[in-house]
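Chains as they are written, first to last, in our numbering: chain C, 27 to 137; chain B, 72 to 187. All remarks here apply to the structure that follows.
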């Protein structure tokens, strides 16, 4: 199957700082999705990207679809304690659009 | 709340027992997926339904696993003769049948299975 590589694996930041994380693939994706998962819960869809070069925002979150279609980036501005969690990138593939996920970036925000 | 729901949220069972999980997707979503997530990993695809038809199964889905979606609404995932390696979070997701929403899967809260 497809593999997505996320970096960094974890981040420790101070409240108010900006955060950047990325996701790369050896294969081309036509859609990129970013999810956030809190402990013991299911992933929550944050942003969906459909076009190479596209930049999409959702509040303090901004995601970009890389022009090569093999990568995507997620930025969080002015982090707050509730931003803590694991952020996953995912891409649909195959005829039934099942999702393949990266291993996630664990974000910790120190108040 | 009209999101995806799963029941139970937690299940502890002894090795060798059978367990069944239920997923209720968002009502207008006819596409339903099951995933499994272990610690430190992202969710991994198990199986896919379009309406009541099971159209794809992963190699991860051994013959001890069976899934159904009898009326094209809720789905069940059954694991027979559970093994310790089955301990994981089982996630259900659903999406719209057409349009951009086709790719946007919405997840339920998951069922955490612990096999002792």
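No residue lacks a Cβ here, since even glycine has one placed at the ideal position from N, Cα and C. Bear in mind that the values here come from a model prediction, so they are computed numbers and not experimental data.
Would you verify that the beta carbon of residue i is, or is not, closer than 8 Å to some beta carbon of chain B?
{"i": "residue 96 (chain C)", "result": "no"}
{"i": "residue 71 (chain C)", "result": "yes"}
{"i": "residue 137 (chain C)", "result": "no"}
{"i": "residue 67 (chain C)", "result": "yes"}
{"i": "residue 113 (chain C)", "result": "no"}
Closest Cβ-Cβ distance between residue i and chain C: below 8 Å?
{"i": "residue 125 (chain B)", "result": "no"}
{"i": "residue 136 (chain B)", "result": "no"}
{"i": "residue 110 (chain B)", "result": "no"}
{"i": "residue 183 (chain B)", "result": "yes"}
{"i": "residue 114 (chain B)", "result": "yes"}
{"i": "residue 179 (chain B)", "result": "yes"}
{"i": "residue 104 (chain B)", "result": "yes"}
Where does the unbroken beta strand (DSSP E) through residue i begin, and where does it stop?
{"i": "residue 135 (chain C)", "result": "131-136"}
{"i": "residue 62 (chain C)", "result": "58-63"}
{"i": "residue 103 (chain C)", "result": "Neither: residue 103 (chain C) is in no beta strand (DSSP E) and is coded neither H nor E."}
{"i": "residue 118 (chain C)", "result": "111-119"}
{"i": "residue 186 (chain B)", "result": "182-186"}
Please classify residue i as buried or exposed, where buried requires at least 16 neighbouring CB atoms within 10 angstroms.
{"i": "residue 57 (chain C)", "result": "buried"}
{"i": "residue 90 (chain C)", "result": "buried"}
{"i": "residue 40 (chain C)", "result": "exposed"}
{"i": "residue 96 (chain B)", "result": "buried"}
{"i": "residue 182 (chain B)", "result": "buried"}
Could you list which residues in chain D have their beta carbon closer than 9 Å to that of residue i, in chain order?
{"i": "residue 59 (chain C)", "result": "The structure shown contains no chain D; its protein chains are C and B."}
If residue i sits next to residue j, beta carbons under 8 Å apart, how far is it from one beta carbon to the other, in whole angstroms?
{"i": "residue 148 (chain B)", "j": "residue 120 (chain B)", "result": "That pair is no contact at about 11 Å."}
{"i": "residue 131 (chain C)", "j": "residue 29 (chain C)", "result": "At roughly 16 Å, the Cβ-Cβ gap does not stay under 8 Å, so residue 131 (chain C) and residue 29 (chain C) are not in contact."}
{"i": "residue 153 (chain B)", "j": "residue 86 (chain B)", "result": "6 Å"}
{"i": "residue 87 (chain C)", "j": "residue 102 (chain C)", "result": "6 Å"}
Is any non-hydrogen atom of the ligand ATP found closer than 7 Å to the C-beta of residue i, if you look at the structure I gave you?
{"i": "residue 107 (chain B)", "result": "The ligand ATP is not part of the structure shown, which contains no ligands of any sort."}
Practice prompt. Mind checking the stretch 121-132 of chain C against chain B and listing, in chain order, the residues whose C-beta falls within less than 9 Å of any C-beta there?
Written response: Listed in chain order, the positions of the stretch 121-132 of chain C with a beta carbon within less than 9 Å of a beta carbon of chain B are 121, 122, 123, 124, 125, 126, 127, 128, 129, 130.
Discussion item. Against chain C, which members of the stretch 148-162 of chain B pass a CB distance test of less than 7 Å?
Written reply: Flagged, chain order: 162.
Worksheet item: Of all the residues that make up the stretch 73-87 of chain C, which are near chain B by a beta-carbon distance shorter than 8 Å?
Response: Answer in chain order: 74, 76.
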